[in-house]
Amino acid sequence: MRALLRDVDGLLRGEHDFAAGRGRIPWVRVALCVASGGALHGAALGSLHARLDQMCVSALKLPLLIASSTALCIPSFYAINAVLGLREDFSAALRGVLATQATVAVVLASLAPIVALFSASAIGYREAVAVDGALYCAASVAGHVALARHYRPLIARRQRHAWARLAWLVLYWFVTIQLAWLLRPFVGAPGMPATFLRSGAWSNAYVVLTQAFLGS
Amino acid sequence: MSVAWSAADRLLRGKWGTSEELASGRVGMGASVLLGLGLVGGAVYGAAMGLFGVLRPAHATGKQVLADALKLPLLFLLTLVVAFPSLYAFSALADSKLRFVQTLKLLLVAIAVNLVLLASFAPVTAFFTVSTTSYSFMVLLNVAFLVLSGAVGLAVLSKALRAVYFQPEPSNAALPPEASSEGERELGSSAEPRRAVARPRSDPRPRRIFIAWFAIYGLVGSQMGWILRPFIGAPGMEFQLFRARGGSFFEGFLTALGQFLTGR
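So the protein sequences, as listed, match chains A and B. Just so you know, we're using the working numbering here: the first sequence kicks off at 1 and counts up by one. Just so you know, we're using the working numbering here: the second sequence kicks off at 217 and counts up by one.
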């Protein structure tokens, strides 16, 4: 327990194995953080109507969302770094990206009691989605802080790293929004069964949003 | 009694820790003292809040006094339990010098200041309880006192956070030589120089932590208050330890404000 807390503390502060640009990538610790942090927050998301099945499904899906969106973007991220002439710094950049994902998962876990509190208050489905959305944004901000910490020395060395970071953020969010749309529901609408994927899940979030915006 | 009084006095005068202690990541006052002051302060104000339940025309009961004396300190402490993991995460992310236990102690300082100050408002609340029958007025008065004492607690927290991050201006001799070549600015050694160089006095991190803490604690606290209601006891309703679940604090506050403005 003490070792776990020390690891989490080191991750949040960017120290020890998670310090910027240093050493090997701590793959196992990153994977543990994403799996456990994501599962904890996912279970809290699914607890709105005290449905154990939705809690279990969401506990599986949230780490899957974080891990899959990262895995999908890494090849493109490598290519972008290579094109920008930053190939030799890719290891440090990847460390930063992975530490960021672990940070997001850990912060999501720390926010899980708040999600559970709102679920316990029996608030409405739309209110719950709004609260969960706001808390996910807060965790993303924490991720940006971690990414900025890892990228600071890289950008100090080569300004072009700022473009690589921007490319990562655009790409990551573009993919994550669609993946989250595919993997919905996370909260579980009242009266709907807890399923891993909703029927008709394979649609495009951007097309649906555009059509909703245009009113067609 | 005199020990508790002296501790409360020290707390309100800001003698719970020195700037030097905070700058080295420590909080001077003990957690048990802070917890005790918070519990007593909260119980005193909670009892005053519950007086309305004793004096209301229908369903008058002294149980409301007892219930509030328990529920008000519980409100603050349960809020801390729920919010602390995220408060600590954001603090560590901003590279705070306060470690786990010291962060908890600093938050207990802010809560204890808040509750001791609230206790000082207890006679005023009791006076208005005796002299008014307007439930919505009492709701707004209590919200006003909670906001006021909360603001003082936050001011203490804000000042403490600035002290935590304070670093004296470096003398020229203490400044490290500037890295001139590419080789001197190694990736791996980047974290240490960042900490070794003294930051300017206008460090944005305490403000950022403060905003994050304020948003998280405020969000959790308001909803926790909603869950633990009733604190005052609406006229015409029988005594309940907790009301049925549902809705949120913001919904309830806007309803009370509407009723007060329309004279209902």
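Built from N, CA and C at the ideal position, the CB exists for glycine as well.
Taking the alpha helix (DSSP H) that residue i belongs to, which residues open and close that run?
{"i": "Met1 of chain A", "result": "Counting along the chain, Met1 of chain A falls outside any alpha helix (DSSP H), and DSSP gives it neither H nor E."}
{"i": "Met354 of chain B", "result": "351 to 381"}
{"i": "Thr295 of chain B", "result": "279 to 309"}
{"i": "Ile282 of chain A", "result": "Absent from the structure is residue 282 of chain A, since the part of chain A shown begins at 1 and ends at 216."}
{"i": "Val187 of chain A", "result": "Looking at the DSSP string, Val187 of chain A is not in any alpha helix (DSSP H), and its letter there is neither H nor E."}
{"i": "Pro422 of chain B", "result": "421 to 444"}
{"i": "Phe277 of chain A", "result": "Residue 277 of chain A falls outside the range modelled here, since chain A spans only 1 to 216, and no answer is possible."}
{"i": "Asn26 of chain A", "result": "In the sequence under discussion, the amino acid at residue 26 of chain A is Pro, which differs from the Asn named in the question. Element bounds for Pro26 of chain A: n/a, residue is neither H nor E."}
{"i": "Pro75 of chain A", "result": "52 to 83"}
{"i": "Gln318 of chain B", "result": "316 to 336"}
{"i": "Phe476 of chain B", "result": "465 to 477"}
{"i": "Ser248 of chain B", "result": "247 to 271"}
{"i": "Glu237 of chain B", "result": "235 to 239"}
{"i": "Asp225 of chain B", "result": "218 to 228"}
Should residue i be labelled buried (16 or more other beta-carbon atoms within 10 Å of its own) or exposed?
{"i": "Ile432 of chain B", "result": "buried"}
{"i": "Ala130 of chain A", "result": "exposed"}
{"i": "Pro75 of chain A", "result": "exposed"}
{"i": "Trp27 of chain A", "result": "exposed"}
{"i": "Met265 of chain B", "result": "buried"}
{"i": "Ile425 of chain B", "result": "buried"}
{"i": "Asn204 of chain A", "result": "exposed"}
{"i": "Trp442 of chain B", "result": "buried"}
{"i": "Met217 of chain B", "result": "exposed"}
{"i": "Ala212 of chain A", "result": "exposed"}
{"i": "Ala79 of chain A", "result": "exposed"}
{"i": "Arg29 of chain A", "result": "buried"}
{"i": "Arg2 of chain A", "result": "exposed"}
{"i": "Ala389 of chain B", "result": "Low confidence applies here, because Ala389 of chain B scores a pLDDT of 49, under 50, leaving its location unreliable and the question unanswered by this model."}
{"i": "Arg13 of chain A", "result": "buried"}
{"i": "Leu209 of chain A", "result": "exposed"}
{"i": "Gly37 of chain A", "result": "buried"}
{"i": "Phe18 of chain A", "result": "buried"}
{"i": "Cys33 of chain A", "result": "buried"}
{"i": "Pro422 of chain B", "result": "buried"}
Who are the Cβ neighbours of residue i in its own chain at under 7 Å, not counting the five residues just before and after it?
{"i": "Pro446 of chain B", "result": "Gln456, Arg459"}
{"i": "Phe476 of chain B", "result": "Ser352, Phe353, Leu356"}
{"i": "Ala180 of chain A", "result": "Leu65"}
{"i": "Leu314 of chain B", "result": "Gly241, Ser307, Leu322, Val380"}
{"i": "Leu84 of chain A", "result": "Arg160, Trp163, Ala164"}
{"i": "Ser396 of chain B", "result": "With a pLDDT of 42 at Ser396 of chain B, under the threshold of 50, the modelled position of this residue cannot be trusted; read the value that follows with caution. Around Ser396 of chain B: no qualifying Cβ."}
{"i": "Leu72 of chain A", "result": "Val175"}
{"i": "Phe118 of chain A", "result": "Ala128, Val131"}
{"i": "Val464 of chain B", "result": "According to the sequence shown, residue 464 of chain B is Ser rather than Val. For Ser464 of chain B, where only same-chain residues beyond five positions count, the Cβ hits under 7 Å are Gln439, Trp442."}
{"i": "Tyr151 of chain A", "result": "Gly96, His161, Arg165"}
So which residues on chain B does residue i lean against when the C-beta distance must stay under 8 Å?
{"i": "Phe90 of chain A", "result": "What Phe90 of chain A touches in chain B: nothing, since even the nearest Cβ is about 12 Å away."}
{"i": "Ala142 of chain A", "result": "Ala305, Phe306, Leu309"}
{"i": "Val145 of chain A", "result": "Leu309, Ala310"}
{"i": "Val107 of chain A", "result": "Ser302, Ala305, Phe306, Leu309"}
Given residue i, which residues of its chain have a CB within under 6 Å of its CB, disregarding the five upstream and five downstream residues?
{"i": "Thr319 of chain B", "result": "Tyr304, Ser307"}
{"i": "Ile155 of chain A", "result": "His161, Ala162"}
{"i": "His16 of chain A", "result": "Gly10"}
{"i": "Val249 of chain B", "result": "Ala223"}
{"i": "Glu237 of chain B", "result": "Gly244"}
{"i": "Ala493 of chain B", "result": "An answer regarding residue 493 of chain B cannot be provided, because it is not within the stretch 217 to 480 covered by chain B."}
{"i": "Thr234 of chain B", "result": "none"}
Against residue i, what residues of chain A qualify as contacts under a CB-to-CB distance less than 7 Å, listed in chain order?
{"i": "Trp429 of chain B", "result": "Chain A residues near Trp429 of chain B: none, gap ~12 Å exceeds 7 Å."}
{"i": "Pro301 of chain B", "result": "Ser110, Pro113"}
{"i": "Val298 of chain B", "result": "Pro113, Ile114, Leu117"}
{"i": "Val436 of chain B", "result": "Ile114, Leu117"}
{"i": "Gln439 of chain B", "result": "Leu117, Phe118, Ser121"}
Which same chain residues end up closer than 8 Å to residue i when comparing Cβ atoms and leaving out the 5 residues on each side of it in sequence?
{"i": "Arg226 of chain B", "result": "Trp232, Met245"}
{"i": "Leu253 of chain B", "result": "Ala220, Ala223, Ala224, Leu227, Ala328, Leu331, Val332"}
{"i": "Val372 of chain B", "result": "Gly230, Val325, Ala326, Val329"}
{"i": "Tyr125 of chain A", "result": "Leu48, Val187, Ala189, Pro190"}
{"i": "Phe292 of chain B", "result": "Gly254, Gly258, Ile327, Asn330, Leu331, Gly437"}
Run down chain B in chain order and give the residues with a C-beta less than 7 Å from the C-beta of residue i.
{"i": "Leu12 of chain A", "result": "Ala305, Ala308, Leu309"}
{"i": "Asp9 of chain A", "result": "Ala308"}
Check the Cβ of residue i against every Cβ in chain A and list those closer than 8 Å, keeping chain order.
{"i": "Gly462 of chain B", "result": "Ser121, Ala122, Ile123"}
Name the chain A residues that come within less than 9 Å of residue i, Cβ to Cβ?
{"i": "Ile443 of chain B", "result": "Leu117, Ala120, Ser121"}
(Q) Output needed in chain order: residues of the segment 219 to 249 of chain B with a Cβ under 8 Å from some Cβ in chain C. (A) In the displayed structure, chain C is absent; the protein chains listed are A and B.
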